[in-house]
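Enquirer:
Chains as they are written, first to last, in this note's numbering: chain L, 2 to 210; chain X, 44 to 230.
(1) Determine, using beta carbons only, whether residue 168 of chain L comes closer than 7 Å to chain X.
(2) State the Cα-Cα distance for the pair residue 211 of chain L and residue 95 of chain X, rounded to the nearest angstrom.
(3) Spell out whether any CB of chain L is found under 7 Å from the CB atom of residue 85 of chain X.
(4) Suppose you measure from the CA of residue 54 of chain X to the CA of residue 114 of chain X; what does that come to, to the nearest Å?
(5) In angstroms with no decimal places, state the Cα-to-Cα distance between residue 22 of chain L and residue 175 of chain X.
(6) Residue 172 of chain L by DSSP, collapsed to three states: which one?
(7) Would you kindly work out how many angstroms separate the C-alpha atoms of residue 169 of chain X and residue 169 of chain L, rounded to a whole number?
(8) Taking contact to mean 3 or more Cβ pairs, one atom from each stretch, closer than 8 Å, check whether the region 104 to 124 of chain X and the region 204 to 222 of chain X are in contact.
(9) Determine the burial state of residue 127 of chain X: buried for a count of at least 16 other Cβ atoms within 10 Å of its Cβ, exposed for fewer.
(10) List the endpoints of the continuous alpha helix (DSSP H) containing residue 101 of chain X.
(11) Note down the Cα distance separating residue 119 of chain X from residue 153 of chain L, rounded to an integer number of angstroms.
(12) Between the alpha carbons of residue 6 of chain L and residue 92 of chain X, how many angstroms are there, rounded?
(13) Hey, out of L/94, L/4, L/24, L/136, whose CA is closest to residue 111 of chain L's CA?
(14) In chain order, which beta strand (DSSP E) runs of at least 3 residues are fully inside the region 131 to 208 of chain L?
(15) Between which two residues does the beta strand (DSSP E) harbouring residue 68 of chain X extend?
(16) At which residues does the beta strand (DSSP E) containing residue 115 of chain L begin and terminate?
(17) Check residue 120 of chain L in the structure and name its three-state DSSP category.
(18) Anyone know if the C-beta pair for residue 102 of chain X and residue 28 of chain L falls short of 7 Å?
(19) Have a look at L/125, L/193, L/192, L/204 and flag the residue whose alpha-carbon is nearest the alpha-carbon of residue 217 of chain L.
(20) Would you say residue 203 of chain L lies against chain X (beta-carbon separation less than 7 Å)?
(21) Hey, is the region 176 to 186 of chain X in contact with the region 77 to 90 of chain X, meaning 3+ C-beta pairs nearer than 8 Å?
(22) Taking C-alpha atoms, which residue in L/16, L/145, L/88 lies nearest to residue 166 of chain X?
(23) Quick one: does residue 146 of chain L have its CB under 7 Å from some CB of chain X?
(24) Mind checking whether the beta-carbon of residue 37 of chain L lies closer than 6 Å to any heavy atom of the ligand PLP?
(25) Taking residue 212 of chain X as the query, report the chain L residues whose CB atoms sit under 8 Å from its CB, ordered along the chain.
(26) Applying the criterion that 16 or more other CB atoms from any shown protein chain within 10 Å of the CB defines a buried residue, is residue 166 of chain L buried or exposed?
(27) By the DSSP assignment, the alpha helix (DSSP H) with residue 192 of chain X in it spans what residues?
(28) Helix, strand or coil: which one does DSSP assign to residue 169 of chain X?
(29) Do you know how far the Cα of residue 188 of chain L is from the Cα of residue 194 of chain L?
(30) Roughly how many whole angstroms lie between the Cα atoms of residue 105 of chain L and residue 93 of chain L?
(31) What does the alpha-carbon distance come out to for the pair residue 117 of chain L and residue 52 of chain X?
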């Protein structure tokens, strides 16, 4: 069976009708909830000035607390940047993903980002000439959130890690050293600057090996 | 076009608190929400529950709906999330698969061999669909069963277009594998 036959069979799947009494039950309940939500929205609008004032007071208190805590922390604790501990995909898995995605999106693949729960495939809008030098990067935030990605030398990749947005430019030098630059940092295996928030590990991966 | 205008008027009225407009939106979209839920769940009773939950969530959240998005896309996004959130998802799939097996056994006695074979082929694909992981199942249901573009599906699944294409590719591969194994087993 080919893809076309599979799609035909999927489209032909029958959906039995829902029971009319359950449609009516859902209708009544959702209209009830709609009306309740309306009433509470109106009440909230009336209370908004007081709530906003209380909210501002709360935020001010929280900010002053955080500032005082971080002042203490900055004097007593230096953030240690360590090698990332996680390895979300093995080299074998990466090679399999790379091979499949390159076949699936010829000339359009920009990066594949793996988190603990899923793969995010980033594509160029149109086909273009892409470097065959593949780089794998592992990032780990202070809170333990981890991301691994592969992309090609010369690409700029953006991703989220924990609550932070990261923008990375990946380069492979003539001596096969990986060079990563971000908005406020750079990283090589021997040196790094401006890297407080993340631990990074990066290495070249032979394509199709 | 006229339909779109009417829909945007209804959505605007519902966002402003018009209960009649919300009721009309319910009537208009219930079937499509239910159909998506059924394809993701494979079970009438669960799909009815999901559809109800979707409209309950919509009733509470419609004030925050942005009029630049399509209302149907918004409902579909809630549907996919409700299905995903159901803690009994794995159990549901197993139950649905068992229900199909029982249903097929009952029908075997009622049908002729050729007719039964055709029905069985259709059921096999429903069973295979239920064995897919949620993300892959949602991607293939939206793009193949509901004929959406990968860009539209990406909006519903809150991921990139490339990720949808990847999930559809994976889903097809898994479905082929399930169905081939089934045929080998039957053979």
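Virtual Cβ for every residue (Gly too), placed ideally from N, Cα, C.
Expert: So, to answer that:
(1) no
(2) Nothing can be reported for residue 211 of chain L, as the shown portion of chain L is limited to 2 through 210.
(3) Cβ-Cβ to chain L under 7 Å: no for residue 85 of chain X.
(4) 7 Å
(5) 31 Å
(6) strand
(7) 43 Å
(8) no
(9) Residue 127 of chain X sits exposed, since fewer than 16 C-beta atoms from the chains shown fall within 10 Å of its C-beta.
(10) 87 to 104
(11) 35 Å
(12) 32 Å
(13) L/136
(14) 135 to 142, 147 to 153, 157 to 162, 165 to 173, 179 to 183, 187 to 189, 199 to 206
(15) Premise fails: residue 68 of chain X lies in the alpha helix (DSSP H), 62 to 84, not in any beta strand (DSSP E).
(16) 110 to 115
(17) strand
(18) Not a contact, by the Cβ cut-off of 7 Å.
(19) Any answer about residue 217 of chain L is impossible in this case: the structure gives chain L only from 2 up to 210.
(20) Chain X contact via Cβ: absent.
(21) yes
(22) L/16
(23) It does not: the Cβ of residue 146 of chain L has no partner Cβ on chain X nearer than 7 Å.
(24) As far as ligands go, the structure on display features none, and thus does not contain the ligand PLP.
(25) 101, 105
(26) Burial call: exposed.
(27) Per DSSP, residue 192 of chain X is not a residue of any alpha helix (DSSP H), being assigned neither H nor E.
(28) helix
(29) 7 Å
(30) 18 Å
(31) Between the alpha carbons of residue 117 of chain L and residue 52 of chain X lies a gap of roughly 42 Å.
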